[in-house]
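Its first residue numbered 0, the sequence shown is counted upward by one per residue in numbering that gives the first Met the number 0.
Positions of the beta carbon are idealized from the N, C-alpha and C atoms, including for glycine.
Remarks on the structure that follows.
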Amino acid sequence: MDLLFNILDKTLTGPPIEKREFEFKLVPKLTKEVLKEFGLEKTYDPNNPINTDLTLAKDFYNAGYELALRLGMFCPDTKRRIIFTDEELKESLRNVPTEVTLGYGKDKVTIKSRVPEDR
Numbered sequence: 000m001d002l003l004f005n006i007l008d009k010t011l012t013g014p015p016i017e018k019r020e021f022e023f024k025l026v027p028k029l030t031k032e033v034l035k036e037f038g039l040e041k042t043y044d045p046n047n048p049i050n051t052d053l054t055l056a057k058d059f060y061n062a063g064y065e066l067a068l069r070l071g072m073f074c075p076d077t078k079r080r081i082i083f084t085d086e087e088l089k090e091s092l093r094n095v096p097t098e099v100t101l102g103y104g105k106d107k108v109t110i111k112s113r114v115p116e117d118r
């Protein structure tokens, strides 16, 4: 519960930023930097669009994790960035639910987490 309150606090205290600046300047800039640092630029192979190289998959996961730490999230209501610490991100990943149910009645749908081995 502390994590939730910390995140809510960050929606009011995080660095202010406009949506366009976050989406069109910061996201591309940091993504490019992280891909370069992890040596992942130009790794897409159009002849083999589904990656089966586990090392490459792990590198992309680590790059995505680093990007999440640097970028954070945008809160449109307060126009602020929510920047997470390494521990907050790890705690969130440890506590990810295995399924989420959305909607009511005939619109109700349950989304279950999957792993690469699922069919």
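Check your understanding: Where do the N-terminal and C-terminal ends of the beta strand (DSSP E) with Met98 fall, by residue?
Key -> Here residue 98 is taken as the residue at index 99 of the sequence shown, counted from 1. As written in the sequence, residue 98 is Glu, which differs from the Met given in the question. For Glu98, the enclosing beta strand (DSSP E) starts and ends at Glu98 to Leu101.
Exercise for review: Would you mind stating whether Arg79 and Pro15 have Cβ atoms separated by less than 8 Å?
Suggested key: Taking the first residue of the sequence shown as position 1, residue 79 is located at position 80. Taking the first residue of the sequence shown as position 1, residue 15 is located at position 16. The answer is yes: Cβ separation under 8 Å.
Check your understanding: Straight-line CA distance for Phe59 to Asp8?
Key -> Numbered from its first residue, the sequence shown carries residue 59 at position 60. Numbered from its first residue, the sequence shown carries residue 8 at position 9. The alpha-carbon atoms of Phe59 and Asp8 are separated by roughly 30 Å.
Practice item. Report the three-state DSSP secondary structure of Lys111 (helix, strand or coil). Key: Looking up residue 111 in the sequence shown gives position 112. In this structure, Lys111 counts as strand in the three-state DSSP scheme.
Practice item. Given a cut-off of 8 Å, decide if Leu39 and Ala62 are closer than it, judged by their beta-carbon atoms. Key: Taking the first residue of the sequence shown as position 1, residue 62 is located at position 63. Taking the first residue of the sequence shown as position 1, residue 39 is located at position 40. Contact: yes.
Check your understanding: Would DSSP call Ile6 helix, strand or coil?
Key -> For this step, residue 6 is matched to residue 7 along the sequence shown. If DSSP states are grouped into helix, strand and coil, Ile6 belongs with the helices.
Point to revise | Pro27 - DSSP class collapsed to helix/strand/coil | key: Start at 1 with the first residue of the sequence shown, and residue 27 comes out as number 28. When DSSP states are grouped into helix, strand and coil, Pro27 belongs to the helix group.
Point to revise | Coarse secondary structure for Arg80, derived from DSSP in three states | key: For this step, residue 80 is matched to residue 81 along the sequence shown. Strand.
Exercise for review: Determine the closest residue to Thr30 out of Phe83, Ala67 and Thr12, with distance taken between C-alpha atoms.
Suggested key: Here residue 30 refers to the residue found at position 31 when the sequence shown is read from its first residue. The residue with the shortest Cα to Cα distance from Thr30 is Ala67.
Exercise for review: May I ask which residues mark the beginning and end of the beta strand (DSSP E) holding Phe73?
Suggested key: Locating residue 73 in the sequence shown gives position 74, counting from the first residue. For Phe73, the enclosing beta strand (DSSP E) starts and ends at Met72 to Cys74.
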